[in-house]
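This report concerns only the one structure given below.
Number of protein chains: 2
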Amino acid sequence: MKSPVTRTLEALYRRYASLKDGQVADYIPELAKADPDLFGICIATRDGQLYEVGDTRRKFTIQSISKAFSYGLALEDRGEEHMLAKIGVEPSGDAFNAISLRPDTGVPFNPMINAGAIATCAQIVERDGMDRIARITEYLSRCAGQRLTVDADVYRSESSTGHRNRAIGWMLRNFDIIEEDPREIVEAYFQQCSLLVTCADLAVMGATLANQGINPLTGERAVAHEYVDNVLGVMASCGMYDWSGEWIYRVGLPAKSGVGGGILAVLPGQLGIGVFSPPLDSQGNSVRGIRVCMDLARELALHLFNPSAVPPPALRRSYNASQVNSRRRLPQAALRTLRRFGERIRVHELQGPLLFSTLEPVIRVLVKQAPYCQHLILNLSHVPAIDDVSARMLAEFAATIGDSDSRLHLCHVGRFHRSLLDAGFSADSIFPSEDAALEHCENLLLGDLLEGPIEAPSVSLNSCGLFHGRSEAELERLDAGLETMTFAAGQTIIHSGDSADAMFVILSGHAEVLLRLEGDRRQRLDVFSPGMSFGEMAFLDSSPRSADVIALTDVECRVLTRKFFDELGRDHPALQAALLHRIALQLSERLRHANIEIGALRS
Amino acid sequence: MKSPVTRTLEALYRRYASLKDGQVADYIPELAKADPDLFGICIATRDGQLYEVGDTRRKFTIQSISKAFSYGLALEDRGEEHMLAKIGVEPSGDAFNAISLRPDTGVPFNPMINAGAIATCAQIVERDGMDRIARITEYLSRCAGQRLTVDADVYRSESSTGHRNRAIGWMLRNFDIIEEDPREIVEAYFQQCSLLVTCADLAVMGATLANQGINPLTGERAVAHEYVDNVLGVMASCGMYDWSGEWIYRVGLPAKSGVGGGILAVLPGQLGIGVFSPPLDSQGNSVRGIRVCMDLARELALHLFNPSAVPPPALRRSYNASQVNSRRRLPQAALRTLRRFGERIRVHELQGPLLFSTLEPVIRVLVKQAPYCQHLILNLSHVPAIDDVSARMLAEFAATIGDSDSRLHLCHVGRFHRSLLDAGFSADSIFPSEDAALEHCENLLLGDLLEGPIEAPSVSLNSCGLFHGRSEAELERLDAGLETMTFAAGQTIIHSGDSADAMFVILSGHAEVLLRLEGDRRQRLDVFSPGMSFGEMAFLDSSPRSADVIALTDVECRVLTRKFFDELGRDHPALQAALLHRIALQLSERLRHANIEIGALRS
């Protein structure tokens, strides 16, 4: 089935395939041979999906598009301040081949004009036995996700006719912008411009810049994270020569063109676009390439300043402990207390990357809630990224509310654990799961509010929910018929898959229900404490056990076997009915709670 | 409780309050009087939250910051192509007061230099009895969210010394860029520059641009949506005079400065920043303002090209009809069929604004699922915006899979209903709720898979789930003791809040459970069909009815009263136990389903 995205690109291709304006570059003989009918359009998303139409796998020379990437490499070698001292970042308003040096210092206006690109090349260090062109080739190859090679014919043609660029090299040497013999540097520059790429390569290189510098096809880091915005910034202000202002005004995407007919454009954080069509306009930009980018930007509403690209609120879902509780099943008194006072524990599920503008509205909510809440829990399981700013803001906020009686807890922090600690967040307030955080907060809240302990360490038969309201005589009958079983901590009480011939009542100790997931993972579904019963659902419908029940501590149980249950049905049907009534009541209570939870989760 | 954002601004204020570099503007006498110690910092978010430190409510003249907004007004009056013919959008590389006209045409390089701003002013139409300065004042006032006024002293001072700007006016007249007497236009320009604003006003004006042109304080549209990106684009490339390239490289935010000491910066889609401090550097930009913006951008990681600002996936949550069903309760056979084949109906909850880059990954998933699914349901309840591109992509995709056996359905489309229809989406495939969409798809799927009808139109007592497995004699006993009640369509069977002295079994017709919400709204919780029972939960624990039950059609019921139930307990305890067993089984089944649903909703 064809994606609507592919259909959009096909429509664009048809629209401009017949456009015959422009001339293929003829300043070197080799480029003049290009077939003017070649035409390809490719979009690569930041997660590596490619949409392609036309000649997207045809090779051509990268030319000036290489300048943006060699600038990134030079930044990694030399740092921002050094590079700014050597090469400016102001648009010159001049054509691509203008010399454009500051008259007093000889500093090239920017790295996207030839003078700036040659000066950039000079800043790239020879390292690990690799000379400049080897390092440039490797760097661009990482961005494209495959090994690029130099077109020897084009390189020879560039070299044999590139007198103007040699003049620029010597002029830069004159001003000491280049501090060594410029000849080898200019040759490396010619080779860099002669690297062969395809339209699809350009889109992937763009997607690499859109994707924080990580190549989405290989997963490999290609551009250092800290310099991605410098590269895109200089493309935005200077990428299209003396048409850069109008480009950013009309198309709104950082971009770079080359006289080989390629254009690479980037929607930061989203995607890369590659277009290839050799005929150029008078500014040296691909005629079809410009038209395709303008139409794509408009038709797909891809605009850097497009304000509709606002991330959704980082608050995914909120609830409190009167609606949703830890998996541990609580005694009635504790549960009633939570229903009444549970709003003092609030859980906020966050989503999306946390950065200043997404976290700020969350902090605003927390600042409002803190005076009324004892515990604020942030669940980060849907948060794919936390920047340093957000980690610091969270730590600062936690420290501030710590001065009052409130606490901020985090759960599901995953790989951000280290950076949260580094930002000053207390390890005590980070929990592996929402369940663990909720249980911790419930215990603290119930400890404050309940007179006695949350639960009795052990109970007798008449304190068990299942036997509530039974007479002395009935309790004696039950005591005689119920089996007694004890389990050591860690022992399995119920095996998933077994047939259900009994249900259990806990007199002392705790047991948990665990669901086996893929691999070795298990998920806690429930924790039972003294007085509670378990295993009744499979017991009722004689279905196989659906999960394991494990003794968390040493556990003493009374066991209602099917044999005894059937005996009761024959000999004491009213007692059996009373037990079934209690079971139905308990199920009804759990169903009510489940419906509250579903309501809270759906909201 | 103080927000960490305010603390960040306070730290910045302390850092730079003692910085004494720069000189207040002295090119007109009135500006030279400014107090160099005044210093204010304000952030306004796109939803109208203000964070302020220092002299944020002190008035000063807006000066060149007005240029960005009067350009927006001129665009609204004249359109993009007309404005581009009159004024370029290329950075000039020259200082703010350079004349910078294209030598051949006299076209000013861009609207951020004085020549371009005066030419812009000339394009503003006199309308509705308002002259140019009245319209400019009104426009900027809408952006600031309050009525701005001209500082008469500064205006007089500007006017009495502004000979250079008069020269520019006449030069523009010479080239016919201005086609009337330029004197009145230059006066309007002087007045525009003399409008009084505060640092907080600047932040709000920035937030208005960040918020698609809608003032976040007043909710009023201030800048036409279509020109917001033009205004921000020209600020990005030309806003800081001959330091614009370095500004966008280092700070990365579209911005505009004024010689009154103000700087306005915008993070598109997120927030506006206003800084006020009169001492200027040699380029005419506020010294403290530049430092504060650079530090803010770095410390809060506010960068236009910051690739961490990636929206989270538009796919919020996915499940299928084997996990989550419509509220209508289905007979066992139908339910078993859905458990087995429910994956053929898939529900995707979307979130965040739908635009190309957020919808594309969703479409990718749908393209993969379409061959295996009969029904794809998109729930848009968490979608705050759908751009035209996304509406068109959805309509195109629906048309394409319509050619196969699959269908795309939408629900909770809210105010996007019209634009989805306009984009070509079929009205038949839009449902008011996920529940309605699910029920529709379940009916189609079950119609294909089940031999007979999904449910019987009417049943006898022995076909009711509650009485399943009872003997002839028991059924006769029940028939004698159960009351019979009929209800007309629309009649209330159970009133919320009433005491629960009976439970019901439906012989024919349908009834729905409705929860009363705030206002007149009601939420459907359940729909029952023949053979099902309802009202058992409150009946069991004698609690008040928690919701209304309404007859959807004419309904015939058998009613198990508490009186009869208690009689059974005395006279036929085994029959009572059997009924309780069936109730417990049904509750157990519903609880299992609720737990599956909770699992799907939590994932």
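Which chain is which? The protein sequence lines are R and C, in order. Residue numbering for the first sequence follows my numbering, beginning at 498 and increasing consecutively. Residue numbering for the second sequence follows my numbering, beginning at 498 and increasing consecutively. For each residue, glycine too, the CB sits at the ideal point set by N, CA and C.
Taking C-beta atoms as the reference points, Leu-1022(R) and Leu-1004(R) fail to come closer than 8 angstroms.
Contact of Pro-608(R) with chain C is not assigned, every C-beta pair being separated by 8 angstroms or more.
Chain-ordered, the chain R residues with CB closer than 7 angstroms to the CB of Ile-745(C) read Gly-730, Ala-733 and Ser-734. CA-to-CA, the gap between Ser-960(C) and Leu-1057(C) works out to about 16 angstroms. Inclusion of Ser-854(C) and Leu-768(R) in the CB contact set at 8 angstroms is warranted, their separation being smaller than that value. For Lys-865(C), the closest C-alpha among the options Leu-835(C), Leu-847(C) and Ile-898(C) is that of Ile-898(C). Interface with chain R (8 angstroms Cβ-Cβ cutoff): Asp-726(C) is included. For Cys-1054(R), DSSP records a beta bridge to Met-982(R) and Ile-1003(R). With the criterion set as a beta carbon lying under 8 angstroms from some beta carbon of chain R, the members of the region 857-872 of chain C are Glu-857, Pro-858, Ile-860, Arg-861, Val-864, Ala-867 and Pro-868, in sequence order. Between Glu-527(R) and Val-651(R), the gap from beta carbon to beta carbon is short of 8 angstroms. For Ser-916(R), the uninterrupted alpha helix (DSSP H) segment begins and ends at 914-919. For Phe-802(R), the closest of Gly-1016(C), Val-725(C), Met-702(C) and Phe-773(C) by C-alpha to C-alpha distance is Val-725(C).
For Arg-1018(R), the number of other beta carbons within 10 angstroms of its own is below 16, and it is reported as exposed. Residues are counted here when their Cβ sits less than 9 angstroms from a Cβ of chain R; for the region 498-532 of chain C these are Met-498, Lys-499, Ser-500, Pro-501, Val-502, Arg-504 and Thr-505, given in chain order. Fully contained in the region 764-839 of chain C are the following alpha helix (DSSP H) runs of length 4 or more, in chain order: 784-796 and 829-838. By the beta-carbon neighbour count (other beta carbons within 10 angstroms, threshold 16), Thr-695(C) is buried. Pairing Leu-1037(C) with Leu-1088(R), the inter-Cα distance amounts to about 13 angstroms. For Leu-1084(R), the neighbours in chain C by C-beta distance under 8 angstroms run, in chain order, Ala-1081, Leu-1084, Ser-1085 and Leu-1088. Per DSSP, Gln-1083(R) is one residue of the alpha helix (DSSP H) stretching across 1070-1099. Secondary structure of Val-521(C) (DSSP, three-state): coil. The continuous beta strand (DSSP E) containing Tyr-548(R) extends over residues 547-551. Within chain R, the residues placing a beta-carbon under 9 angstroms from that of Asp-739(C) are Glu-587, ordered along the chain. Two segments are said to touch when three or more pairs of C-beta atoms, one from each, lie closer than 8 angstroms; by this definition the region 950-964 of chain C does not touch the region 921-931 of chain C. Contact between the region 1062-1076 of chain C and the region 990-997 of chain C is absent: fewer than 3 CB-CB pairs across the two stretches fall below 8 angstroms. Contact between Ser-815(R) and Val-844(R) holds, with the beta-carbon distance rounding to 7 angstroms and staying under 8 angstroms. Closer than 8 angstroms to the CB of Phe-1025(R) there is not a single CB belonging to chain C. For Asp-998(C), none of the residues of chain R pass the 8 angstroms Cβ criterion, the least Cβ distance being about 16 angstroms. Rounded to whole angstroms, the Cβ separation of Gly-771(C) and Leu-699(C) is 3 angstroms, and the two are in contact under 8 angstroms. At a cut-off of 8 angstroms between C-beta atoms, Asn-940(R) does not count as an interface residue with respect to chain C. Setting aside the 5 residues that flank it on each side, Phe-1061(C) is surrounded in the same chain by Gly-978, each with a C-beta closer than 6 angstroms to its C-beta; the list follows chain order. Looking at the backbone, the Cα of Gly-545(C) and that of Leu-714(C) are separated by about 5 angstroms. The CB of Arg-1099(C) comes closer than 8 angstroms to the CB of Leu-1098 in chain R, given here in chain order.
Residue Lys-530(R) holds the alpha-carbon nearest to the alpha-carbon of Gly-758(R) among Thr-989(R), Leu-827(R) and Lys-530(R). Annotated as distal: Leu-777(C) and Ala-762(C), with beta-carbon spacing of 8 angstroms or more. The criterion of a C-beta distance shorter than 8 angstroms is satisfied by Leu-506(C) and Tyr-548(C). Annotation: His-965(C) is outside any beta strand (DSSP E) and is labelled neither H nor E by DSSP.
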